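As structure tokens, the structure follows; a few thoughts come after it.
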Amino acid sequence: MCSQKWPSVCSIKWILLFCLCFGLLLSWFAIKGNRCHPNIAMPYTLHSNSNERSSLVNFLQDGKLPRILYDKPDIFKPRRIDVLSITPWLAPIVWNGTFNRDILNAQFHQREVRIGLTVFAIKKYVIFIKKFIESAEKFFMVGHKVNYYVFTDRVNEISNFTLAEGRHMVILEVPAYERWQDVTMRRMEMIRDFSIKQFVNDVDYLACVDVDMEFLDDVGVEILSKVFGALHPGFFSHTRREFTYERRPQSKAYIPFEAGDFYYAGGYFGGVVEEVVKLTNYCHHAMLADKQQNIEALWHDESYLNKYFLLYKPTKILSPEYIWNNYYGSPASIQTKRFLGVNKKYEEVRF
Ligand code: 4GW
Ligand code: MN
4 MCSQKWPSVC
14 SIKWILLFCL
24 CFGLLLSWFA
34 IKGNRCHPNI
44 AMPYTLHSNS
54 NERSSLVNFL
64 QDGKLPRILY
74 DKPDIFKPRR
84 IDVLSITPWL
94 APIVWNGTFN
104 RDILNAQFHQ
114 REVRIGLTVF
124 AIKKYVIFIK
134 KFIESAEKFF
144 MVGHKVNYYV
154 FTDRVNEISN
164 FTLAEGRHMV
174 ILEVPAYERW
184 QDVTMRRMEM
194 IRDFSIKQFV
204 NDVDYLACVD
214 VDMEFLDDVG
224 VEILSKVFGA
234 LHPGFFSHTR
244 REFTYERRPQ
254 SKAYIPFEAG
264 DFYYAGGYFG
274 GVVEEVVKLT
284 NYCHHAMLAD
294 KQQNIEALWH
304 DESYLNKYFL
314 LYKPTKILSP
324 EYIWNNYYGS
334 PASIQTKRFL
344 GVNKKYEEVR
354 F
């Protein structure tokens with residue numbers, strides 16, 4: 004049948020057949036090679052038990068993984084160029100526009116994270132609780148599991164709140180110190196003690212904030228990290244010299260003029276419960292040691308917190324959006340005011 008047009012037509016047929024067979028052989032080798040690729044197969048055959056292997060298989064086959072549509076991050080397009088968004092020790096500084104809350108929410112929902120929000124309402128400061136809780140219901144960790152821990156000496160003056168699903172309020176009765184300086188400083192000791200005996204069993208993260216505040220915009224899981232603090236709204240554009248650190252060398256809160264990264268706000272810190280225990284324990288002991296020597300740091304608990312964060316750097320820092328006060332106006336870098344100081348009528352709340 005090939006005799007007439009041989010060699011041309013017949014040879015083309017044979018060449019095609021040969022190519023087909025060779026192609027099939029190559030694909031078979033490729034598939035076999037991939038299955039045995041050491042990067043994928045080896046670690047799980049060498050270091051994992053059968054449970055871990057099957058959970059890996061489940062993970063790889065899991066069709067329920069959240070698929071969110073979002074723009075690919077572009078290495079050459081930083082989301083903010085007007086502000087620093089990472090520290091020299093590689094902790095993110097959280098500014099509006101630098102993160103995608105949908106991606107973060109999916110990650111934290113996967114872990115079913117539980118968050119505790121501690122707040123003190125001692126003596127006349129109970130008047131701040133209503134606005135604080137009602138605004139937190141609108142903006143704080145919406146959709147996540149939240150426990151409000153309200154420390155107060157006036158249990159009967161805390162009204163009942165209707166909370167969204169998965170959110171609870173725990174009222175903790177604590178003593179009211181006579182001096183207002185002790186009211187604010189002793190928060191460290193009380194947060195430490197309740198963290199050890201209760202919070203560590205109930206929640207993964209704690210955020211510890213002032214009560215004379217109101218949420219005006221979302222504050223979500225973007226704040227969470229091993230240990231975090233917030234930039235004080237009055238000092239984020241100031242020099243080291245201008246920071247109101249404790250400057251007396253005898254104090255445990257002492258920071259010399261040549262040192263310091265940022266001036267952190269006393270009214271906002273947090274992290275995983277174990278880290279909050281370390282932070283509050285350090286600040287409480289520093290305060291007690293100073294008390295022994297008849298010293299009280301210039302800005303009380305805020306001074307000790309600043310010393311702690313100088314020595315033990317936070318793993319995330321919140322921009323002043325997270326603890327703003329209109330006393331400082333509305334600079335361009337503050338694109339949103341998420342948590343805002345309530346105007347205090349001093350004669351009504353101070354003592
Ligand atoms: C002066 O008379 C006082 S009273 C200064 C603070 C006081 C106070 C503070 C109080 O009577 N009851 C109370 O619960 N606190 C708690 O400490 C409350 O959670 C408050 O947000 C936090 C820090 O005090 P502050 O908000 O007045 O501090 P700044 O002026 O720095 O925001
Ligand atoms: Mn305050």
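Going by the numbering used here, the sequence shown opens with residue 4, and the numbers climb by one from there.
A virtual CB, placed ideally from N, CA and C, is assigned to each residue, including glycine.
Here the structure is a predicted model, which means the values were calculated and not measured.
Identified DSSP bridge partners for residue i
i	result
N211	The amino acid occupying residue 211 in the given sequence is Cys; Asn does not appear at that position. In DSSP, C211 forms a bridge with T121 and F272.
H171	N150
Y267	L234
F218	F342
L20	Beta-bridge pairing links L20 to no other residue.
Cα-Cα separation between residue i and residue j, rounded to whole angstroms
i	j	result
N297	L291	10 Å
N159	V129	10 Å
T339	K319	19 Å
S240	H288	31 Å
A94	A167	32 Å
V352	S228	33 Å
R341	S254	34 Å
Y47	L23	Here the model assigns Y47 a pLDDT of 37, short of 50, so the residue's position is not dependable and the matter cannot be decided.
S58	D196	38 Å
F25	L107	48 Å
Y311	D185	19 Å
L282	H171	25 Å
F238	E277	29 Å
Same chain only: Cβ atoms within 6 Å of residue i, ignoring 5 sequence neighbours per side
i	result
G100	R82 and R83
R244	F260
V145	none
M188	M290, H303 and D304
Y180	V186 and R189
Beta-carbon gap between residue i and residue j smaller than 8 Å
i	j	result
L209	G269	no
V345	D215	yes
L120	V149	yes
I161	I132	yes
S198	V279	yes
S333	F218	no
F123	R56	no
V275	D220	no
M193	V203	no
L321	F231	yes
Among the options, the one whose alpha carbon lies nearest that of residue i
i	options	result
W92	N329, E299, P317 and E350	P317
V97	P323, A256, R190 and V275	P323
W302	V153, W183, K133 and I132	W183
Y151	V177, K127, R117 and E181	R117
N329	H235, E277, T242 and L308	H235
D263	F246, V212 and V275	Per the sequence presented here, residue 263 reads as Gly, with Asp not at that position. Measuring from the Cα of G263, the nearest candidate turns out to be F246.
R104	I78, H147, D77 and K134	H147
V153	C211, T165, G169 and H112	C211
K200	D213, L175 and Q295	L175
K347	P252, D213 and Y73	D213
Cut-off 7 Å between Cβ atoms - residues of its own chain near residue i, not counting five sequence neighbours on either side
i	result
H40	Residue confidence for H40 is low, a pLDDT of 37 falling below 50, so the modelled location carries little weight; the figure read from the coordinates is stated next. Taken in chain order, the list of residues that qualify is empty.
C286	M191, D304, Y307, L308 and Y311
Cβ shell of residue i (< 8 Å), same chain only, five flanking positions each side left out
i	result
Y325	V97, V222, I226, A233, Y271, R341 and F342
L313	I258, A262, G263 and D264
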